[in-house]
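**Q** Under numbering that gives the first Met the number 0, the residue at position 241 of the sequence shown is numbered 240, and the numbers go up by one with no gaps.
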Amino acid sequence: MKRTLVRCMRACVRVGLWAACAATLLFMPVVQAQAPAQAQSTPTVRQRVIVDTDIGDDIDDAFALALVLASPEFDVLGISTAWGDTALRVRLVQRLLAELGRDDIPVAQGLATVSSTPFTQARWAQRGPASAPRAVPASVDFLLDSIRRHPGEITLLALGPLTNLAAAIQRDPATFRQLKRVVLMGGSVRRGYSKSAFHAPRPPDKEYNIVSDIAAARALFDSGVTIVMMPLDSTQIRFEEAARNALFARGTPLTDALALLYHQWLDAYQPWSSATPTLFDVVPVAYAIAASLCPTTPLRITVEADGATKETAGAPNAQVCLAADEPRLLRLFMQRLTSDLPAPPAKPAR
């Protein structure tokens, strides 16, 4: 391994390809360290998951959904769109699934809301299929029907504001409680937003997914369902340039789609924002794959009227990850997204 890396470094230096060298040095140990572990731990029983996402605004949702689709641990029952223009988000998800040959995965449309956040990947989404309204179920119907078919078995990955979840709780709280768990990205417990990796952590902030729909967040934390919470404390993992170059250079349908979505996001936010994405929503997905990547602490979390998520005294109502294993998490992320996608399930014989 060391000799291979040295030969690679010398070759890169001779031709002056510093960026290629950095990307290769990052990528090689990822594949070699992770591939054997994946081969030994490929699950025989996959986790049933539903993803609820506000994909299309920030780029981390696309990376998180890509990790879901690239992971053999998951049986993806469906993808639900949340917040803002949920119909256009449906088209974005449908286009991504079509390009990956995963039209078998249902897509549900969440409750539309007013959103002041730019839909940065709208141009890519607008080239997605314009489905007839009947072809796309409502998210609340889809979620509750799925739980009734698989009580106690579904992990709901909540990667956006919690509006759809609150509507399902309001309609049928008993069925909602039959989820196996909700694994969410949201909140801020002991650490707030950091402007970059070089700035000291801020005190707790009002985090976007929670403050966008405070009533929905309070409904979830009061629902009695099992909650695993990934707040700002553990999710501010930066996706640096060398790793991005290694990923986008793979040239697969998945990495090509991610490259286009990333550049649309970048065009919308530059020049006043960093080109380096933060992988907020990747962390709950990685946790669902391997819980050791983000160890949790039982805490009682109270959602205040202003959207703050405070650690309070009392019986715990959430398992909270306060620090992730960033190097291992990034290795898993890179290994999965640069490997061949798992084969879709075989279609039943007619």
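All residues carry an ideal CB built from backbone N, CA and C; glycine is no exception.
From proline 344 to arginine 101, what distance separates their C-alpha atoms?
**A** Answer to the nearest angstrom: the Cα atoms are 9 Å apart.
**Q** Tell me the rounded alpha-carbon separation between arginine 147 and serine 222.
**A** Near 17 Å, if we compare the C-alpha coordinates of serine 222 and arginine 147.
**Q** Would you call the CB atoms of arginine 190 and leucine 158 closer than 7 Å?
**A** Not a contact, by the Cβ cut-off of 7 Å.
**Q** Assuming aspartate 204 is part of the beta strand (DSSP E), what are its boundary residues?
**A** First-last for aspartate 204: undefined, no H or E at that position.
**Q** Only counting the same chain, and skipping five residues up and downstream in sequence, which positions put a Cβ closer than 8 Å to that of arginine 45?
**A** Once the five neighbours on either side are set aside, the close Cβ partners of arginine 45 are Pro71, Glu72, Phe73 and Asp74.
**Q** Return the CA-CA distance between aspartate 103 and leucine 155, expressed in angstroms with no decimal places.
**A** Each residue's Cα considered, the two are about 19 Å apart.
**Q** At what residues does the beta strand (DSSP E) containing glutamine 108 begin and finish?
**A** Unbroken beta strand (DSSP E) run through glutamine 108: 106-108.
**Q** How is glutamine 177 classed by DSSP in three states: helix, strand or coil?
**A** Coil.
**Q** Which residues in the same chain as proline 341 place their Cβ atom closer than 6 Å to its Cβ, once the five residues preceding and following it in sequence are excluded?
**A** Correct list, in chain order: Pro71.
**Q** Report the three-state DSSP secondary structure of proline 297 (helix, strand or coil).
**A** It is a strand residue.
**Q** Distance, Cα to Cα, valine 139 vs leucine 219?
**A** When rounded, the distance between both Cα atoms is 14 Å.
**Q** Grouping DSSP H, G and I as helix and E and B as strand, with all else coil, what is serine 79?
**A** Three-state result, serine 79: strand.
**Q** According to DSSP, is isoleucine 49 helix, strand or coil?
**A** It is a strand residue.
**Q** Please list, in chain order, all residues of the same chain as arginine 335 whose beta carbon is under 7 Å from its beta carbon, the five residues on each side excluded.
**A** Cβ neighbours of arginine 335 beyond the five flanking positions: Leu66, Ala69 and Ser70.
**Q** Assuming the contact rule is C-beta atoms closer than 8 Å, alanine 124 and glycine 55 should be a hit. Round their C-beta distance to whole Å, please.
**A** Between glycine 55 and alanine 124 the Cβ distance is about 6 Å, and since that is below 8 Å, they are a contact.
**Q** Give the DSSP-derived three-state secondary structure of proline 160 in the structure shown.
**A** Three-state DSSP puts proline 160 in coil, outside helix and strand.
**Q** If you check the beta carbons only, do threonine 225 and arginine 180 fall under 7 Å apart?
**A** Against a cut-off of 7 Å, the Cβ pair of arginine 180 and threonine 225 comes out as a contact.
**Q** Locate the beta strand (DSSP E) running through threonine 311, then write down its first and last residues.
**A** Start and end: 308-311.
**Q** For alanine 214 and alanine 165, which I take to be in contact (beta-carbon distance under 8 Å), what is that distance rounded to the nearest angstrom?
**A** Between alanine 165 and alanine 214 the Cβ distance is about 7 Å, and since that is below 8 Å, they are a contact.
**Q** Please list, in chain order, all residues of the same chain as threonine 112 whose beta carbon is under 7 Å from its beta carbon, the five residues on each side excluded.
**A** If we look at threonine 112 and ignore the five residues flanking it on each side, its Cβ neighbours are Trp82, Gly83 and Thr162.
**Q** Per DSSP, glutamine 318 forms a beta bridge with which residues?
**A** Beta-bridge pairing links glutamine 318 to Val227 and Pro297.
**Q** Would you decide whether glycine 250 is buried or exposed? Buried here means 16 or more other CB atoms lie within 10 Å of its CB.
**A** So glycine 250 counts as exposed.
**Q** By the 10 Å Cβ neighbour count, where 16 or more other Cβ atoms means buried, how is glutamate 206 classified, buried or exposed?
**A** It counts as buried.
**Q** According to the neighbour-count rule (16 or more other Cβ atoms, all chains shown, within 10 Å of its Cβ), is glycine 151 buried or exposed?
**A** So glycine 151 counts as exposed.
**Q** With 16 other CB atoms within 10 Å as the buried threshold, where does arginine 126 fall?
**A** Arginine 126 comes out exposed.
**Q** For valine 302, list the residues DSSP reports as bridge partners.
**A** For valine 302, which the question treats as bridged, DSSP gives the partners Thr308.
**Q** So within the region 84-108, which uninterrupted beta strand (DSSP E) runs reach at least 3 residues, ignoring any that extend past its ends?
**A** As far as the region 84-108 is concerned, its whole beta strand (DSSP E) runs of at least 3 residues are 106-108.
**Q** Suppose you measure from the CA of aspartate 324 to the CA of alanine 242; what does that come to, to the nearest Å?
**A** Aspartate 324 and alanine 242: Cα-Cα distance of roughly 17 Å.
**Q** Mapping the DSSP letters down to three states, classify isoleucine 236 as helix, strand or coil.
**A** Coil.
**Q** Apart from the five residues on each side of it in sequence, which residues of its chain come closer than 7 Å, Cβ to Cβ, to alanine 322?
**A** Excluding sequence neighbours, alanine 322 sits near Asp232 and Ser233.
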